[in-house]
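**Student:** Provided herewith is a single structure, encoded as structure tokens, for subsequent inquiry.
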Amino acid sequence: MIQDREAAPDVSIVVPIYNEVDNLRDLVERIAQAMAGQTLSFELLAVDDGSTDNSAALLRELAAERPWLRAICLARNYGQSSALQAGFDRVRGRYVVTLDADLQNEPADIPLLLERLENDQSVDMVSGWRKDRQDAELSRKLPSRIANRLISSATGVHLHDYGCALKAYRRPIIDRIRLYGELHRFIPSLAKEAGARITEVPVRHHARTRGVSKYGIDRTFRVILDLILIVFFMRYRQRPLHAFGGFGLWLVSPGLLILGWLFVLKLTGDDIGGRPLLLLGVMLVLMGMQFIAAGLMGELLMRIYHEAGGAPQYHAKEYSAVSTAHSEPTRPATRTQ
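If you read the sequence shown in full-length UniProt numbering, its first letter stands for residue 1, the second for the next number, and so on.
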């Protein structure tokens with residue numbers, strides 16, 4: 001169903017774009033064809049992430065001819081996470097779909113994901129699974145498989161394919177998460193933290209035929225660093241003292257034991273001044289105390305953040321016999337139109 005600019009659509013499709021001028025026209029047309037037979041109205045938010053080719057100009061041209069297409073041009077290249085967040089900040093639909101602009105995702109699979117959300121109220125997010133990947137390079141397949149297993153094990157969100165950009169969400173989930181740095185790879189983990197119930201469906205995947213891939217082997221190292229951040233965020237965001245303080249106690253305890261033993265030796269008349277253990281014991285105690293102090297500071301900052309009106313401590317739905325409507329103790333996210 002074609003959507004005009006005035007009425008809020010049922011579906012908002014967000015596509016981050018960087019130097020994909022050769023694919024844009026075909027991408028827009030294939031998304032329009034995929035949604036043409038749907039009863040759900042839609043809008044397409046194409047976010048140009050500071051492309052250096054003619055992508056931004058072509059987007060503006062295409063948007064001028066299509067009322068359902070909104071071209072968002074960022075001032076410079078901020079990265080895929082920021083581009084997605086720019087789209088999320090402007091979505092109006094009750095469902096949100098994301099996919100890449102390189103046409104390796106199949107736009108015709110969008111209705112498949114939306115159908116699952118429409119028919120299964122127990123699901124809040126549907127993630128695509130490129131079951132038959134068409135990447136020819138082993139340098140992309142092998143790191144991807146390793147990353148998928150590592151992320152699933154560390155976060156507890158078990159998916160076959162974290163890297164598939166084709167995903168569909170209920171709008172409240174998108175309103176609850178914010179993307180920074182390169183956290184777009186971990187949206188399922190962030191969605192789970194926001195209370196989403198996640199499922200996975202196989203989708204088609206095509207080899208890139210136009211344009212140049214933006215990914216390299218160096219991405220593997222960035223994924224590991226981001227994974228550390230996500231695990232900390234999911235487990236210790238509201239209790240930083242347990243993370244820093246726990247590690248601090250592991251350092252302080254052997255340090256105190258060492259110093260206690262040396263103290264006993266000192267009382268018996270032994271010279272402990274030149275022993276390396278003295279330096280080790282003092283260093284362990286000082287380092288441990290620093291970690292504990294960092295945990296206490298984290299606790300204070302977390303409380304200040306929540307009490308000042310930051311992100312809510314929880315998300316909930318409330319039901320009653322009077323009304324089936326639900327409410328959440330959250331402030332609505334600020335949306336820029």
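For every residue, glycine included, the Cβ atom is placed at its ideal position computed from N, Cα and C.
Since the structure is predicted, the reported quantities are computational estimates derived from the model, not experimental observations.
Is the region 195-208 touching the region 148-162, taking contact as three or more C-beta pairs under 8 Å?
**Tutor:** Yes, they touch.
**Student:** Where does Thr268 fall in DSSP's three states?
**Tutor:** Taking the first residue of the sequence shown as 1, we reach residue 268 at position 268. Coil, per DSSP.
**Student:** When burial is assigned at 16 or more other CB atoms within 10 Å of the CB, is Glu193 buried or exposed?
**Tutor:** Numbered from 1 along the sequence shown, position 193 holds the residue referred to as residue 193. That one is buried.
**Student:** Return helix, strand or coil for Pro9, following the three-state DSSP convention.
**Tutor:** On the sequence shown, position 9 is the one that residue 9 refers to. Three-state result, Pro9: coil.
**Student:** Taking the alpha carbon of Ser82 as the reference point, which residue from Arg185, Met35 and Asp270 has its own alpha carbon closest?
**Tutor:** As a working note, residue 82 is residue 82 in the sequence shown. It is Arg185.
**Student:** Using the beta-carbon count (16 or more within 10 Å), is Asn19 buried or exposed?
**Tutor:** Locating residue 19 in the sequence shown gives position 19, where the first residue counts as 1. Per the 10 Å Cβ criterion, buried.
**Student:** Is the CB-CB distance between Glu182 and Asp226 below 8 Å?
**Tutor:** Position 182 of the sequence shown, counted from the first residue, corresponds to residue 182. Position 226 of the sequence shown, counted from the first residue, corresponds to residue 226. A contact, by the Cβ cut-off of 8 Å.
**Student:** I'd like the ranges of any alpha helix (DSSP H) spanning at least 4 consecutive residues and lying wholly in the region 10-86.
**Tutor:** If we require 4 residues or more, the alpha helix (DSSP H) runs fully inside the region 10-86 come out as 21-36 and 55-65.
**Student:** For the alpha helix (DSSP H) containing Ile177, name the first residue and the last one.
**Tutor:** Residue numbering aside, residue 177 sits at position 177 when the sequence shown is read from its first letter. Neither: Ile177 is in no alpha helix (DSSP H) and is coded neither H nor E.
**Student:** Can you tell me the Cα-Cα spacing of Leu277 and Val252, whole angstroms?
**Tutor:** Walking along the sequence shown from the start, residue 277 turns up at place 277. Walking along the sequence shown from the start, residue 252 turns up at place 252. Each residue's Cα considered, the two are about 14 Å apart.
**Student:** Among residues of its own chain, excluding the 5 on either side of Ile129, which ones have a beta-carbon nearer than 6 Å to its beta-carbon?
**Tutor:** Residue 129 sits at position 129 when you count from the first residue of the sequence shown. The sequence shown places Trp at residue 129, rather than the Ile named in the question. Closer than 6 Å at Cβ, skipping near neighbours: His160, Asp161, Glu200 and Pro202.
**Student:** Which residues in the same chain have their Cβ closer than 6 Å to the Cβ of Asp48, if we skip the five residues on either side of it in sequence?
**Tutor:** The count along the sequence shown starts at 1 and reaches residue 48 at position 48. Once the five neighbours on either side are set aside, the close Cβ partners of Asp48 are Ile17, Ser55, Ala56, Leu59 and Cys73.
**Student:** Could you compute how far the alpha carbon of Phe42 sits from the alpha carbon of Pro111?
**Tutor:** Numbered from 1 along the sequence shown, position 42 holds the residue referred to as residue 42. Numbered from 1 along the sequence shown, position 111 holds the residue referred to as residue 111. Each residue's Cα considered, the two are about 11 Å apart.
**Student:** Go through its chain and collect everything with a Cβ distance to Leu296's Cβ below 7 Å, but skip five positions before and after it.
**Tutor:** As a first step, residue 296 is located in the sequence shown; it is residue number 296 there, counting from the start. The answer, listed in chain order, is Leu241.
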